[in-house]
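Each residue of the sequence shown is one higher than the last, beginning at 1 in our numbering.
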Amino acid sequence: MEITSGFILAVMVLAAISSLQFFKGRQLNLRIMQHYLRSIEDVVKPEDKEYVWLGGYIGFRAYYKVNRENIRKFEYTLTLLPRQSILYFPIALITSRHDKLYVVVRPFNDIKHEAHLIQKGYYRMRPTIEDEELLKKEIIEIAGKKYEALYEKRRDIEMLQYLVESMSKPENIKHVSLTPSTNVFYVLMKPEPDTIEDDIRRIVRFVNERLKESPFSS
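In structure tokens form, the structure reads like this:
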């Protein structure tokens, strides 16, 4: 196979662009991680904290001990698109679609009933829900998006709907749930730098006020 000078030049240009994108994308992801870390920590104000790096520049996990009001622990996982890879980034836009924030709150009060709001069409393969066949199901609309509601008691879904509607961009909330077996309040969302602090504040307020005094625990 004859290698032409044009081919070599094209390879060199691609290598240069890839290197430039790596450094720019890496710095951008690091700045995004730093922004989210500081914003969330400023709102939650943990008494103790631990961070676990996920490797490369894809994100991290945070474990906060709060032990204040109704929050015992606040945990989250941030995963970012591979902005440092000019080749993989377009694929990730199709497979992952966006940055993701997984929030797990472990409250002091007991969660008694299962409840889920899941944005329709978000999951390619929806996660398994324990005893799903025993739950009531319906479709509700929030801010122009349809959500699948699964629940034992409808008042629980009304409370979760209240939270989603109160967020800066309700359509960014992909899955919110209450799980009695693990006593966990869970939120999967598309985070945005401009609204992350307000959204985390709303989640914290929901757990401390609405969840604590709501029928979930009765």
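The beta-carbon is built from N, C-alpha and C at its ideal position, and this holds for glycine as well.
query	result
Our contact map puts Leu163 next to Val176 with C-beta atoms below 8 Å; I'd like the distance itself, whole angstroms only.	6 Å
Of all the options Asn208, Val207 and Ile173, which has the alpha carbon lying nearest to the alpha carbon of Glu192?	Ile173
Hey, would you say Val65 sits closer than 8 Å to Glu47, going by beta carbons?	Per the sequence presented here, residue 65 reads as Lys, with Val not at that position. Cβ atoms of Lys65 and Glu47: closer than 8 Å.
I need the straight-line Cα distance from Glu141 to Tyr147, nearest angstrom please.	6 Å
If you draw a straight line from the alpha carbon of Thr30 to that of Arg106, how long is it in whole angstroms?	Per the sequence shown, residue 30 should be read as Leu rather than Thr. Going by the C-alpha atoms only, they are around 28 Å apart.
Over what stretch of residues does the alpha helix (DSSP H) that includes Asp198 continue unbroken?	Ile196 to Arg205
From the DSSP output, in three-state form, read off Arg126 for me.	coil
Are three or more beta carbon pairs between the stretch 203-214 and the stretch 98-116 nearer than 8 Å?	yes
Between Glu50, Arg61 and Lys49, which has its C-alpha nearest Met33's C-alpha?	Arg61
Straight-line CA distance for Asp198 to Val43?	9 Å
So the candidates are Tyr51, Lys45, Asp156 and Ala143; which of them puts its Cα closest to the Cα of His113?	Asp156
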